[in-house]
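Trainee: Below you will find the structure I want to go over with you.
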Amino acid sequence: MIDLHSHILPGIDDGAPTLDVALDMARHYTHQGVTHVACTPHILPGVYHNTGPDIRLRVATLQHHLDEAGIALRLLTGADNHMVGNFTASLGNGHLLTLADTAFVLVEPPHQVAPARVEDLFFALLIAGYTPILTHPERLTWIEQKYPIIERLAERGVWMQITAGSLRSVFGRRPRYWAERMLSEGRVHILASDAHNVTSRRPDLAEGRDAAASIVGASEAHNLVVTRPSAVLSNMHPKDIPSPGMLHVANQRCVQEYASDGQKTQPVGNVSGGLFGGRLLRIFR
Ligand SMILES: [Fe+2]
C-alpha cells in the first residue's frame, strides 16, 4: 500500500514530535503492509511556516535514518497545503509542494467555514494542469450544509481523499457517516492515514482499507490504497486512472438506507450496480 498523506516528519508540525516517534510510525507502516509514504506536513501561514525546500531536506534526512535503522519504507516529498490566495503561483515557485513532484496536490480547506470562492481555487488548479486532491472532506464541519460544493468539485475533476480513521469512528459519528456516504456514492479516489503519531492518530491504512472493502468491495478498496496512489506517483493522467465513479457492483447486494443521523433504517431493496444517484446507501455483501 501507499499512504499519500502523513505527518511522519519529526518536529515540523503537530505530527511526530521526535525522531523516535517517526521511526515507530515507520515500523507501524511496514507492519501494515505500506511500502511508500508521502511526507505531507502542514503548510499554513501564521501557524506552520514550512516551505518546500525545507521539507525536501527533512525527507532526505528521515529517509537516511530509516535506512540506517533497516526499516524498508520509501519516503516521498509532499505537503498538506492549506488554502492560500496565491496557491498556484506558490506551487510554481516551490514554496508549496505537490505529491512527489507530480501534478497531484493535496489541498486542505478550513475545517469550520467554507471559504469564499473555494471552488475558484480548485478550478484554477485544474486549469493550470494540476489535479487537486481535497483532503478529508468528511471531517469538514461545513460539509453538512454545503455538500453540493463537494459534489460540484468532484464532478469537475477534483479528487477526494478520506481518512482511514474516519471509517472506524476515530473522529466521531458524523465524519464516519460522510466517509461511508461518499464511498457509497463513488466519490472517493484515495484513502490515506493522515497519521500524526502512534497512539491517537496512528498509521491505520490496513484497517481503513478493510473497512472500505465492506462498503465498496475488495477490488475498489485496493484501488483506494494501491492502484490510484501508485498511478499518482507515476504521474499518470487522471483520465487513464480507474475512476471511483466507474465503481460497479457485480452481484446483487442488499442496500440499506441511512437516516440523516447515521442510524440504519429499513432495507430498501437490491441493486445490480453502478452509482446510486446521490442517494444515501450502504452496500452489504
Ligand atoms: Fe494532514
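Per this note's numbering, the sequence shown runs over residues 2 to 286. Even for Gly, the Cβ is constructed at its ideal location relative to N, Cα and C. Here the structure is a predicted model, which means the values were calculated and not measured.
According to DSSP, is H8 part of a helix, a strand, or is it coil?
Mentor: Residue state, collapsed to three classes: coil.
Trainee: What do you reckon, is the C-beta of H6 under 7 Å from a heavy atom of ligand 1?
Mentor: Yes, the Cβ of H6 comes within 7 Å of a heavy atom of ligand 1.
Trainee: State yes or no: is the C-beta of D81 nearer than 7 Å to some heavy atom of ligand 1?
Mentor: Checking every heavy atom of ligand 1 against the Cβ of D81, one is found closer than 7 Å.
Trainee: Among residues of its own chain, excluding the 5 on either side of A90, which ones have a beta-carbon nearer than 6 Å to its beta-carbon?
Mentor: Contacts found: none.
Trainee: With respect to the beta strand (DSSP E) encompassing P133, which residues constitute its N-terminal and C-terminal limits?
Mentor: Segment 132 to 136, the beta strand (DSSP E) holding P133.
Trainee: What are the start and end residues of each continuous beta strand (DSSP E) run of 3 or more residues lying completely inside the region 136 to 211, in chain order?
Mentor: Taking only runs of at least 3 residues, the beta strand (DSSP E) segments lying wholly in the region 136 to 211 are 160 to 164, 191 to 193.
Trainee: Measure the alpha-carbon distance for H139 versus S167 and round it to whole angstroms.
Mentor: It should be pointed out that residue 139 corresponds to Glu in this sequence rather than to His. Going by the C-alpha atoms only, they are around 8 Å apart.
Trainee: Note the first and the last residue of the continuous beta strand (DSSP E) segment covering H37.
Mentor: H37 -> beta strand (DSSP E) spans 37 to 40.
Trainee: By Cβ distance, which residues of its chain are closer than 7 Å to A212, with the 5 residues on each side in sequence left out?
Mentor: These residues qualify, in order along the chain: L168, R169.
Trainee: Is the beta carbon of R292 sitting closer than 8 Å to the one on L234?
Mentor: In the structure as shown, the chain starts at 2 and stops at 286, and residue 292 therefore has no counterpart that could be examined.
Trainee: Would you say the beta carbon of D205 comes nearer than 7 Å to a heavy atom of ligand 1?
Mentor: Flag unset: Cβ of D205 not near ligand 1.
Trainee: Let me check understanding here. Comparing Cα to Cα, which of R182, Q146, R57, H83 lies closest to P301?
Mentor: A question about residue 301 goes unanswered here, because the residues of the chain that appear run from 2 up to 286.
Trainee: Since V226 is in the beta strand (DSSP E), which residue starts that stretch and which ends it?
Mentor: Premise fails: V226 is in no beta strand (DSSP E) and is neither H nor E.
Trainee: State the start and end residues of the unbroken beta strand (DSSP E) segment that holds D15.
Mentor: First-last for D15: undefined, no H or E at that position.
Trainee: Pairs of beta-carbons, one from the region 169 to 188 and one from the region 11 to 21, closer than 8 Å: are there three or more?
Mentor: At 8 Å Cβ cutoff, the stretches do not touch.
Trainee: Taking the beta strand (DSSP E) that H83 belongs to, which residues open and close that run?
Mentor: Looking at the DSSP string, the run of the beta strand (DSSP E) that includes H83 is 81 to 83.
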